[in-house]
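Engineer: Here it is, the structure, as structure tokens.
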Amino acid sequence: MSIVYNTTKVVNNNLHSTTSCCCLLLPFGLRQCQRPPPPKKFLNFQCLGYRGAIMNRLTSSARLMLVSDLDMTMVDHEDSENESLFRFNSLWEASYRHDSLLVFSTGRSQIAYERLWNKRPLLTPDVTITSVGTEISYGESMVQDDEWTEYLSQGWSKDLVVEETSKFPELVPQEETEQRPLKVSFCNLDKAKALEIIPVLSRLLEERGLDVKIIYSGGTALDVLPKRADKGLALAYLLKKLNADGKPPLNTLVCGDSGNDTELFNVPGVHGVVVSNALEELLQWHDEFGKKNPKIIRSTERCAGAILQAIGNFSLGPNVSPRDITDFQNCKVENFNPAHEVVNFYLFYERWRGAKVEKSTDYVQNLNQIFYSSGTFVHPSGVEKPFTQCIADITKLYGDQQGRNYRVWLDRVSSVQISPDTWLLKFYKWESFEGGKRCCLTTAILKESEIPDSFTWMHIHQTWLEGTEPKEEPTWLF
């Protein structure tokens with residue numbers, strides 16, 4: 002059971018009772034090496050803050066705003082190969098990145114989130130809500146929303162909270178990185194002891210003139226926050242901001258697995274999915290409250306697989322990941338676009354080098370068809386190669402990564418139509434393998450082909466991201 006305690010009354014998972022309403026910077030210190038000046042049409046993609054991350058990137062309301070918890074929702078910690086996460090990544094970049102918003106909402110601090118981002122193949126979100134809703138940041142540079150911080154700071158004093166909680170020896174502080182300006186957190190607290198402490202602690206804090214909320218979740222964690230803070234209230238604030246700017250999302254889907262996610266499901270109008278591996282506290286909430294709401298489902302799939310299932314269940318858009326399609330040659334999708342083309346190609350590239358597709362001359366012939374015979378590939382080292390040479394090289398590399406848990410994924414795919422039949426794309430291409438991962442910024446020019454639902458690759462240019470370039474020159478193609 003998730004317990005949310007205010008200084009005025011106990012609230013069991015009820016949002017309404019608590020509501021009071023150019024240099025490309027990369028995530029976590031990465032910088033692109035040897036970057037040429039970006040095309041002007043891409044400048045909005047790089048702007049900082051709320052307007053750059055959302056308002057300037059989208060020309061109209063987001064088709065879908067996906068709001069997902071991280072641990073055991075987007076990220077399955079029991080799946081070392083990240084299968085469901087890779088499935089989600091491919092679908093999002095192929096079908097949603099260009100006109101939708103990705104929001105991560107986590108109990109982790111920004112520092113802990115960064116550690117997870119570096120460890121797992123997470124995409125770059127448009128908005129990051131961290132520390133149980135007490136911090137909101139925008140874009141790849143994670144620019145903080147100062148208005149939200151100022152709003153939450155009213156009636157709050159971290160020093161007084163620390164002073165009062167220190168009177169309870171049962172409250173074991175979480176690591177220092179999880180102690181935030183607007184959040185004081187504890188761990189290893191069982192439910193029975195939490196039920197004893199919460200009313201007493203709440204009374205002491207109220208006597209000190211503090212307006213707080215105490216959240217117990219996960220069967221072990223206790224967080225003390227400003228009364229106006231939680232994941233649901235942070236989402237409600239973001240939706241209000243989008244509405245005020247005339248770009249409310251057409252649909253919002255929230256996803257979670259634990260007690261501190263219940264507030265997300267209580268935001269009016271959202272669709273919601275409870276993952277199949279959810280903790281008992283959220284399952285109990287769903288049985289008591291969620292079943293009454295036709296917009297909330299309990300999935301039969303784990304973690305990110307549940308997100309795909311919910312998208313299909315609510316008819317919010319495509320929900321079949323390119324990774325779920327094995328026949329590349331006969332793959333037909335609705336609304337085929339350049340982003341889908343690049344995601345599909347690099348998925349084939351991964352499977353070819355991992356020997357997960359048949360070694361067939363049909364694939365080689367297809368490569369010769371989709372790559373312009375006079376086109377060139379600029380390697381991250383600066384060396385230029387004709388496409389014909391690259392195709393010859395990749396043919397020889399069939400299965401060279403077999404058994405190495407080799408993966409390729411794309412992040413932040415964006416495209417601009419530069420002529421009636423030509424597109425300029427930019428994205429981050431990641432490769433992971435036993436022992437590490439690499440990334441480069443990739444720009445590509447694609448032209449519509451005479452063959453229906455296909456494109457011709459005209460040019461590719463790549464540069465390493467600082468901190469990911471290899472010490473020795475790897476076998477790196479496309």
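Just so we're aligned, residue 2 is where the sequence shown starts under the numbering used here, counting upward by one. Positions of the beta carbon are idealized from the N, C-alpha and C atoms, including for glycine.
Just confirm the distance between the C-beta atoms of VAL343 and LEU426, as a whole number of angstroms; I'd bet it's less than 8 Å.
Structural biologist: With a Cβ gap of about 6 Å, VAL343 and LEU426 count as contacting.
Engineer: Counting along the chain, where does the alpha helix (DSSP H) carrying PHE372 start and finish?
Structural biologist: Note, PHE372: premise wrong, no alpha helix (DSSP H); beta strand (DSSP E) at 372 to 379.
Engineer: Since I believe ASN244 is in contact with LEU317 (beta carbons under 8 Å), could you give me their beta-carbon distance rounded to a whole number of angstroms?
Structural biologist: Not a contact, Cβ separation roughly 19 Å.
Engineer: Would you call THR60 buried or exposed, if buried means 16 or more other Cβ atoms sit within 10 Å of its Cβ?
Structural biologist: Classification of THR60: exposed, given that the 10 Å Cβ count is below 16.
Engineer: Could you tell me whether the Cβ atoms of TYR347 and LEU411 are closer together than 7 Å?
Structural biologist: For TYR347 and LEU411, yes; Cβs fall inside 7 Å.
Engineer: In the DSSP assignment, find the beta strand (DSSP E) that holds PHE337 and state where it starts and stops.
Structural biologist: From DSSP, PHE337 is part of no beta strand (DSSP E); its letter is neither H nor E.
Engineer: Decide if the stretch 362 to 371 is in contact with the stretch 450 to 458; the criterion is three or more beta carbon pairs, one per stretch, under 8 Å apart.
Structural biologist: Yes, the stretch 362 to 371 is in contact with the stretch 450 to 458.
Engineer: Please state whether the Cβ-Cβ distance between VAL409 and GLU351 is less than 7 Å.
Structural biologist: Against a cut-off of 7 Å, the Cβ pair of GLU351 and VAL409 comes out as a contact.
Engineer: What are the boundary residues of the beta strand (DSSP E) that ILE461 is part of?
Structural biologist: Element bounds for ILE461: 456 to 465.
Engineer: In whole angstroms, what is the alpha-carbon distance linking ASN189 and ALA195?
Structural biologist: About 10 Å.
Engineer: I need the straight-line Cα distance from LYS438 to PRO200, nearest angstrom please.
Structural biologist: C-alpha separation (whole angstroms): 48 Å.
Engineer: Please give the ranges of any beta strand (DSSP E) in the stretch 41 to 97, keeping only runs that are unbroken, at least 3 residues long and fully inside the region.
Structural biologist: 66 to 69, all fully within the stretch 41 to 97.
Engineer: In chain order, what residues of the same chain lie with their CB nearer than 8 Å to the CB of LEU183, ignoring the 5 residues before and after it?
Structural biologist: Once the five neighbours on either side are set aside, the close Cβ partners of LEU183 are SER132, THR135, GLU136, THR150, LEU153, SER154, TRP157, LYS159, LEU226, PRO227, ALA230.
Engineer: Should the stretch 378 to 396 be regarded as contacting the stretch 93 to 110, the criterion being three or more beta carbon pairs within less than 8 Å?
Structural biologist: As far as the Cβ criterion goes, the stretch 378 to 396 does not touch the stretch 93 to 110, which means the pair count is below three.
Engineer: Which value, in whole angstroms, describes the spacing of the CA atoms of CYS391 and LEU478?
Structural biologist: Going from the Cα of CYS391 to the Cα of LEU478 covers about 7 Å.
Engineer: Can you tell me whether THR107 is buried or exposed, with buried defined as 16 or more other CB within 10 angstroms of its CB?
Structural biologist: Buried is the call here.
Engineer: How far does the beta strand (DSSP E) with GLN418 in it reach, from first residue to last?
Structural biologist: GLN418 -> beta strand (DSSP E) spans 408 to 420.
Engineer: So, for PRO471: in the same chain, excluding its five sequence neighbours on each side, which residues have a beta-carbon less than 7 Å away from its beta-carbon?
Structural biologist: Excluding sequence neighbours, PRO471 sits near ARG439.
Engineer: Can you pull the DSSP bridge partners for ILE298?
Structural biologist: Answer is VAL274, bridged to ILE298.
Engineer: Exposed or buried, what is ARG209 when buried is set at 16 or more other beta-carbons lying within 10 Å of its beta-carbon?
Structural biologist: ARG209 is exposed by the Cβ-count criterion.
Engineer: Our contact map puts TYR429 next to ARG413 with C-beta atoms below 8 Å; I'd like the distance itself, whole angstroms only.
Structural biologist: With a Cβ gap of about 6 Å, TYR429 and ARG413 count as contacting.
Engineer: Just the Cα atoms here: how many angstroms apart are PHE290 and ARG354?
Structural biologist: For PHE290 and ARG354, the distance between alpha carbons rounds to 49 Å.
Engineer: How about GLY483 and TYR139: are their beta carbons less than 7 Å apart?
Structural biologist: Lying before the first or after the last residue shown, residue 483 is absent from the chain, which here runs from 2 to 479.
Engineer: Can you give me the C-alpha to C-alpha distance between THR301 and TYR364, rounded to a whole angstrom?
Structural biologist: The straight-line gap from Cα to Cα measures roughly 36 Å.
Engineer: Could you work out which residue in GLU79, PRO126, GLN111 is closest to ARG98 when comparing CA atoms only?
Structural biologist: The candidate whose alpha carbon is nearest that of ARG98 is PRO126.
Engineer: Taking the straight line between their C-alpha atoms, what separation do you get for THR327 and LYS214?
Structural biologist: Straight-line Cα distance between these residues: approximately 49 Å.
Engineer: For ASP147, which of helix, strand or coil comes out of DSSP?
Structural biologist: Reduced to three states, the DSSP call for ASP147 is helix.
Engineer: Locate the alpha helix (DSSP H) running through ARG204, then write down its first and last residues.
Structural biologist: Where ARG204 is concerned, the enclosing alpha helix (DSSP H) stretches over 192 to 208.
Engineer: Is it a yes or a no for the stretch 257 to 273 touching the stretch 163 to 182, going by three-plus beta-carbon pairs under 8 Å?
Structural biologist: These segments do not touch.
Engineer: By how many angstroms is the C-alpha of GLU281 removed from the C-alpha of MET143?
Structural biologist: Using only the alpha carbons, I get a separation of about 33 Å.
Engineer: Going by the beta-carbon positions, is the gap between ASP481 and SER186 smaller than 7 Å?
Structural biologist: Lying outside 2 to 479, the shown extent of the chain, residue 481 is not represented and no answer is given.
Engineer: If you count every other CB in all the chains shown that lies within 10 Å of the CB of HIS78, and 16 or more means buried, which is it?
Structural biologist: So HIS78 ends up on the exposed side.
Engineer: If you scan the stretch 229 to 279 from start to end, which runs of the beta strand (DSSP E) of 3 or more residues do you find wholly inside it?
Structural biologist: 253 to 257, 272 to 275, all fully within the stretch 229 to 279.
Engineer: Between ARG64 and SER101, what straight-line distance do the alpha-carbon atoms span, to the nearest angstrom?
Structural biologist: Taking the straight line joining both Cα atoms gives about 5 Å.
Engineer: DSSP has GLU385 in a bridge; who is on the other side?
Structural biologist: VAL379, per the DSSP bridge assignment.
Engineer: Between the C-alpha atoms of THR362 and TYR399, what's the straight-line distance to the nearest angstrom?
Structural biologist: C-alpha separation (whole angstroms): 12 Å.
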